[in-house]
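Each remark here refers to the structure printed beneath this line.
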Amino acid sequence: MKIKMQDISKSFYGVKVLKNINFDLEEGEVHALVGENGAGKSTLVKILTGIYLKDSGSIFVDNKEVNVGSVKDSIDLNIAIVQQEIATLPNMTIWENMFLGRELKNSWGFLDVKKMKEITKEKLINIGLNIDPDIIMGTLPIGKQQLITIASALLWNKKVIILDEPTSALTTKEIDVLFDTIRKLKKEKVSFIYITHRLEEIFEISDRISVLRDGEMIGTNKTSDVEISDIIKMMVGYTMHDRYPKMKNTSGKTILKVDNLTCEPLYRNVSFELKEGEILGFSGLMGSGRTEIMQTIFGIIKKDSGKIIINDEEVKINSPIKARKYGIAYITENRKEEGLILDFSLSENIVLPNLKAILNKMKIIDHKKQEKLAEDYIKKLDIRTDSPKKIVQTLSGGNQQKIVVGKWLTTNPKILILDEPTRGVDVGAKYEIYEIMNELKEQGVAIIMISSELPEIIGMSDRVAVMHEGNLRGILNKDECSQEKIMTLATGGK
Amino acid sequence: MEKIKYYVKQNTPLFGLFVMMIIVTIIDPKFIQLSNISNVIRQVSINGLIALGMTFVILTGGIDLSVGSVFALTGAVLAKMLINGVNPLLAVLLTLGLGLVLGVINGLLIAKGKLQPFIATLGTVTLYRGITRVFMEGRPITGFKSKFVDNIGRGYVLGIPIPIIILIIAVLIALFITKRTVFGKEVYAVGGNEKTAHFSAINVDRVKIKVYALSGLLTTIAGIILMSRLNSAQPNAGLGYELDAIAAVVLGGASMSGGKGKIWETFVGILIIGVLNNSLNMLRISSFYQDVAKGVVILLAVLFDRKKYYK
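Protein sequence lines correspond, in order, to chains A and B.
Read in our numbering, the first sequence has 161 at position 161, and its numbers run on one by one without any break.
Read in our numbering, the second sequence has 28 at position 28, and its numbers run on one by one without any break.
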């Protein structure tokens with residue numbers, strides 16, 4: 001099936017978010033759609049899937065103009081979308097999830113459970129998952145759930161599948177399975193629109209790349225004709241020579257020592273040291289225990305045994321309040337659920353960890369101080385907003401992430417732990433976050449960065465600790481760091 | 001025009017109150033007389049104090065079903081103390097302390113026992129009521145004499161009924177707490193997103209315990225006012241009062257899931273209920289129909305208000 005979107009425009013509240021966009025999809029093609037957050041990618045695919053209505057322009061399917069006025073219209077056209085945030089029912093089984101709302105019935109009018117399980121099993125094997133359809137969805141890792149969601153989309157004989165950031169929760173192995181599946185389906189003439197922030201991926205899987213910026217189509221190129229740097233240039237509108245800032249070695253004395261920290265079954269016998277002015281990267285697959293170690297240091301998860309030593313003194317941290325007292329800040333990977341109060345304003349969010357900072361001499365909240373503090377950090381972190389009173393939900397992912405970082409900078413941390421600081425953040429904002437980290441590092445802040453993106457971990461860290469299934473497999477120095485070496489350790493190899 | 005529309009939309013409860021007052025005045029001009037208005041506020045002072053405490057609880061995303069029983073138990077204990085000749089001022093202070101403790105128990109069950117607020121206070125509403133009945137042996141306590149306690153419910157200062165003064169002071173303090181204290185900010189944060197609050201080094205447990213304690217305290221003040229007005233403590237006092245208090249908070253536009261709501265809006269909600277009760281009485285509508293009318297008004301108000309969040 002061929003799709004052509006011609007001269008598509010769309011405005012929200014008088015702001016043009018799509019300006020005369022032309023986009024087309026060939027049969028059996030993987031067409032990557034990239035652009036910074038807020039560039040208009042999601043809006044464009046939402047028009048194609050009937051969630052939004054276009055203001056003007058036309059959509060053609062196999063050269064015939066069609067009307068996509070509702071989600072049902074797009075389903076009838078065999079267009080499916082797999083959303084970035086997976087929507088499964090965690091308490092139901094895999095097959096119940098797969099057939100949700102479209103259950104098969106036998107001739108008596110009752111559910112044909114046997115048949116549904118059989119089909120599920122078959123589809124799971126198709127995507128390389130040999131697991132029981134009776135497993136409860138919520139007990140599976142996110143990556144597997146994501147693959148199953150994709151399998152469900154395939155179940156209904158779709159001809160066009162839109163994948164919105166499909167790999168953000170997948171392990172390398174699962175990504176390989178996904179890509180194999182995509183390649184197989186391409187041969188069956190299924191077409192894909194592939195949205196991602198991970199540029200390396202699109203060069204592996206896509207046939208063509210389209211770049212959107214500020215609601216305009218900057219260009220469509222054959223993947224084989226361009227390089228990553230070309231795409232980045234198109235995305236941000238200027239040339240970015242380096243993806244990472246120049247880093248100096250500013251390591252000072254040891255500030256944090258973790259000794260044999262154990263919390264079964266999450267991780268065990270973890271020991272490492274962190275120096276002032278150093279960035280220690282933490283690599284490993286999802287579920288390898290990285291986040292849990294950091295949350296223990298931050299007082300959210302209780303340890304079974306082991307020691308946390310700050311400035312040569314053993315400390316007991318049983319709450320984030322204690323952690324803050326020792327100068328520790330933890331910036332969560334989960335900004336929507338744990339980092340922000342989405343329907344509060346920017347300034348209300350930024351002051352949360354340090355409410356005392358906005359008290360006046362009488363120990364009364366001073367709203368001017370609150371606005372001032374927010375404005376300082378808006379300037380410092382270059383948060384793009386027209387007012388500190390703006391509700392954070394309305395800001396882009398990159399700006400939201402800067403707020404989560406900023407709110408902890410108000411406490412002047414000595415030890416800053418960043419958990420996936422650039423997830424779901426566009427290239428321009430990513431670089432800005434790296435620069436903030438670099439600046440803090442030069443000021444002597446000790447930084448731990450958890451990241452699943454290998455180029456990022458290698459580009460930013462002085463040393464890289466690699467986790468595998470709850471064990472710290474090794475700490476690599478900058479000069480011995482390579483993607484292969486990290487992956488080998490992270491997957492349990494020697 | 002657009003601006004006015006927006007303003008009305010943002011302040012639906014307040015305009016609802018105005019519209020109601022105008023309609024009632026047209027039907028019966030006596031309504032708008034100062035003596036009647038003062039009467040309305042005095043009548044709402046009891047529900048008003050409870051609703052103020054409830055606002056804090058609801059702002060954290062919780063609910064306090066136990067207020068009616070706290071109301072009865074603290075009133076009973078005060079009456080007993082007075083009959084036994086305890087110094088009235090001391091008796092009142094001890095009673096306030098008891099109300100605080102009953103609230104703290106709710107808070108501990110919720111914060112430390114990790115019970116859902118609905119379940120925890122569903123338990124204590126029955127428990128506290130039971131203790132009240134055991135304590136009073138099922139009979140009202142009457143016949144105590146104390147000028148001091150009498151004044152709380154029936155006295156005047158500069159011609160203003162003391163319950164109104166207490167309510168106004170409580171509203172002002174509550175306004176100050178929500179707007180200008182760290183605790184106030186923390187209350188909103190816990191209700192806005194409990195996880196984020198926890199991850200932002202806010203002591204979520206302590207905030208929760210405090211709001212239930214506050215609810216217990218304000219309810220106790222309300223209980224003392226009623227006891228003073230009736231000059232007796234009743235084993236069934238305060239039955240169903242939690243519903244009126246929740247209604248006032250919701251009429252004011254607060255969200256039951258927490259994080260959204262304002263003290264002055266609750267105050268408007270309290271007045272709406274007061275004006276409704278007062279006018280239905282003035283129009284001599286039977287109490288059965290009064291409940292029907294109240295239910296309809298609550299539903300209409302909430303339906304209108306939903307549009308503010310879901311447009």
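Beta carbons are placed, not taken as given, at the ideal position from N, Cα and C, and that holds for glycine.
- Query: So the alpha helix (DSSP H) Phe56 (chain B) belongs to, where does it begin and stop?
  - Reply: Position 56 of the second sequence, counted from the start, is the residue given in the question as residue 56 (chain B). Where Phe56 (chain B) is concerned, the enclosing alpha helix (DSSP H) stretches over 34-59.
- Task: Could you name the residues of chain B that Ile339 (chain A) contacts, counting a contact when the two beta carbons are closer than 8 Å?
- Result: Start at 1 with the first residue of the first sequence, and residue 339 (chain A) comes out as number 339. First, the amino acid is wrong: residue 339 (chain A) is Gly here, not Ile. Neighbours of Gly339 (chain A) on chain B, chain order: Thr196, Phe199.
- Message: Per the DSSP calculation, Gly191 (chain B) is bridged to which residue(s)?
- Response: Along the second sequence, one-based indexing puts residue 191 (chain B) at 191. In the DSSP output, where bridge partners are listed per residue, Gly191 (chain B) has none listed.
- With C-beta atoms as the reference, is Ile32 (chain B) less than 7 Å away from Ala111 (chain B)? On the second sequence, position 32 is the one that residue 32 (chain B) refers to. On the second sequence, position 111 is the one that residue 111 (chain B) refers to. Cβ atoms of Ile32 (chain B) and Ala111 (chain B): not closer than 7 Å.
- Item | Three-state class that DSSP yields for Ala39 (chain A) in the structure shown | Your numbering for residue 39 (chain A) matches position 39 in the first sequence. Looking at Ala39 (chain A) - three-state DSSP - the assignment turns out to be coil, as it is neither helix nor strand.
- Taking Gly61 (chain B) as the reference, give the member of B:Leu299, B:Ile263, B:Met256 with the closest Cα. As a position in the second sequence, residue 61 (chain B) is number 61, starting the count at 1. Among B:Leu299, B:Ile263, B:Met256, the Cα nearest to that of Gly61 (chain B) belongs to B:Met256.
- If you draw a straight line from the alpha carbon of Ile175 (chain A) to that of Glu103 (chain A), how long is it in whole angstroms? Here residue 175 (chain A) refers to the residue found at position 175 of the first sequence. Here residue 103 (chain A) refers to the residue found at position 103 of the first sequence. Rounded to whole angstroms, Ile175 (chain A) to Glu103 (chain A) spans 29 Å at the Cα level.
- Hey, could you find the ends of the beta strand (DSSP E) Arg473 (chain A) is sitting in? Taking the first sequence and counting its residues from 1, one reaches residue 473 (chain A) at position 473. Here the beta strand (DSSP E) through Arg473 (chain A) covers 471-477.
- Query: Within this structure, are the beta carbons of Ala233 (chain B) and Leu49 (chain B) separated by less than 7 Å?
  - Reply: Position 233 of the second sequence, counting from 1, holds the residue named residue 233 (chain B). Position 49 of the second sequence, counting from 1, holds the residue named residue 49 (chain B). In this structure, Leu49 (chain B) does not lie closer than 7 Å to Ala233 (chain B) by Cβ.
- What does Lys414 (chain A) touch in chain B if you count any residue whose Cβ is under 7 Å from its own? As a position in the first sequence, residue 414 (chain A) is number 414, starting the count at 1. The premise fails here: Lys414 (chain A) is roughly 15 Å from chain B at the closest Cβ pair, so nothing lies under 7 Å.
- Verify whether the separation of the beta carbon atoms of Ile224 (chain B) and Ile164 (chain B) is less than 7 Å. In the second sequence, residue 224 (chain B) corresponds to position 224, counting from 1. In the second sequence, residue 164 (chain B) corresponds to position 164, counting from 1. Cβ distance not < 7 Å, so Ile224 (chain B) and Ile164 (chain B) don't count as in contact.
- Message: Tell me the residue span of the alpha helix (DSSP H) that contains Thr296 (chain A).
- Response: Within the first sequence, the letter at position 296 stands for residue 296 (chain A). That run of the alpha helix (DSSP H) goes 290-297.
- Item | Gly128 (chain A) versus A:Thr139, A:Val113, A:Gln145, residue with shortest Cα-Cα distance | Within the first sequence, the letter at position 128 stands for residue 128 (chain A). For Gly128 (chain A), the nearest C-alpha among the options comes from A:Gln145.
- Item | Assigned secondary structure, Ser69 (chain B) (DSSP; H/G/I helix, E/B strand, else coil) | Indexing the second sequence from 1 puts residue 69 (chain B) at position 69. Helix, per DSSP.
- Compare the C-beta of Tyr310 (chain B) against all C-beta atoms of chain A and say whether one is closer than 7 Å. Within the second sequence, numbered from 1, the residue matching residue 310 (chain B) stands at position 310. Residue confidence for Tyr310 (chain B) is low, a pLDDT of 45 falling below 50, so the modelled location carries little weight and cannot support an answer.
- Report the neighbours of Arg324 (chain A) on chain B: residues whose CB is nearer than 7 Å to its CB, in chain order. Numbered from its first residue, the first sequence carries residue 324 (chain A) at position 324. Ordered by position in chain B, the residues that pass the 7 Å Cβ test against Arg324 (chain A) are Ala201.
- Is the Cβ of Gly192 (chain B) closer than 7 Å to any Cβ of chain A? Here residue 192 (chain B) refers to the residue found at position 192 of the second sequence. By this cut-off, Gly192 (chain B) is an interface position.
- Counting contacts by CB-CB distance shorter than 7 Å, is Ile321 (chain A) in contact with chain B? Within the first sequence, the letter at position 321 stands for residue 321 (chain A). So yes, Ile321 (chain A) belongs to the interface.
- Message: Looking at chain B, is there any beta carbon in it that lies within less than 7 Å of the beta carbon of Pro353 (chain A)?
- Response: Working through the first sequence from its first residue, we reach residue 353 (chain A) at position 353. Cβ-Cβ to chain B under 7 Å: yes for Pro353 (chain A).
- Message: Can you look up Gly284 (chain A) in the DSSP assignment and give me helix, strand or coil?
- Response: Here residue 284 (chain A) refers to the residue found at position 284 of the first sequence. Of the three classes helix, strand and coil, the one that applies to Gly284 (chain A) here is strand, per DSSP.
- Among A:Asn91, A:Gly287, A:Leu261, A:Thr196, the one whose alpha carbon lies nearest that of Pro141 (chain A): In the first sequence, the residue the question calls residue 141 (chain A) occupies position 141. If we check each option's Cα against that of Pro141 (chain A), A:Gly287 comes out closest.
- Query: What's the gap between the Cα of Val45 (chain A) and the Cα of Val392 (chain A)?
  - Reply: Within the first sequence, the letter at position 45 stands for residue 45 (chain A). Within the first sequence, the letter at position 392 stands for residue 392 (chain A). Cα-Cα distance, rounded: 24 Å.
- Message: By the three-class DSSP mapping on this structure, what secondary structure does Lys257 (chain A) have?
- Response: If you number the first sequence from 1, residue 257 (chain A) lands on position 257. In the structure shown, Lys257 (chain A) sits in a strand (DSSP, three-state: E or B).
- According to DSSP, what are the bridge partners of Tyr330 (chain A)? Here the question's residue 330 (chain A) lines up with position 330 in the first sequence. According to DSSP, which records beta bridges pairwise, Tyr330 (chain A) is partnered with A:Ile417.
- Indicate whether at least one CB of chain B lies closer than 7 Å to the CB of Ile364 (chain A). The residue given as residue 364 (chain A) occupies position 364 in the first sequence. Output row for Ile364 (chain A): interface = yes.
- Message: With H, G and I counted as helix, E and B as strand and the rest as coil, what does DSSP make of Val427 (chain A)?
- Response: Locating residue 427 (chain A) in the first sequence gives position 427, where the first residue counts as 1. Helix at Val427 (chain A).
- Item | Gly398 (chain A), DSSP secondary structure in three states | Looking up residue 398 (chain A) in the first sequence gives position 398. Gly398 (chain A): helix per DSSP, three-state reduction.
- DSSP-derived helix/strand/coil call for Glu325 (chain A): The sequence position of residue 325 (chain A) within the first sequence is 325, counting from 1. Here the sequence assigns Lys to residue 325 (chain A), which means Glu is not the residue at that position. Helix at Lys325 (chain A).
- For Asp64 (chain B), which of B:Leu167, B:Ala120, B:Ser287, B:Ile166 has the nearest alpha-carbon? Along the second sequence, one-based indexing puts residue 64 (chain B) at 64. It is B:Ala120.
- Within its chain, find whatever has a CB closer than 7 Å to the CB of Arg324 (chain A); leave out the 5 residues flanking it on each side and keep chain order. The residue labelled residue 324 (chain A) in the question sits at position 324 within the first sequence. The residues are Pro353, Thr411.
- Closest Cα partner of Val270 (chain A) within the set A:Glu278, A:Lys257, A:Ile436, A:Gly281: One-based indexing of the first sequence puts residue 270 (chain A) at position 270. For the residues A:Glu278, A:Lys257, A:Ile436, A:Gly281, the minimum Cα distance to Val270 (chain A) belongs to A:Lys257.
- Task: Let me know the secondary structure DSSP gives Thr149 (chain A) once reduced to three states.
- Result: The residue given as residue 149 (chain A) occupies position 149 in the first sequence. In the structure shown, Thr149 (chain A) sits in a helix (DSSP, three-state: H, G or I).
- Task: Measure the C-alpha to C-alpha separation of Lys379 (chain A) and Ile168 (chain B) and round it to an integer number of angstroms.
- Result: To locate residue 379 (chain A), count along the first sequence from 1; it is residue 379. To locate residue 168 (chain B), count along the second sequence from 1; it is residue 168. Rounded to the nearest angstrom, the two C-alpha atoms are 42 Å apart.
- Item | Selection from A:Pro388, A:Ile79, A:Val34 that minimises the alpha carbon distance to Glu49 (chain A) | Within the first sequence, the letter at position 49 stands for residue 49 (chain A). Contrary to the premise, residue 49 (chain A) reads as Thr rather than Glu in this sequence. Nearest C-alpha to Thr49 (chain A): A:Ile79.
- Terminal residues of the beta strand (DSSP E) in which Ile81 (chain A) lies: For this step, residue 81 (chain A) is matched to residue 81 along the first sequence. Start and end: 79-82.
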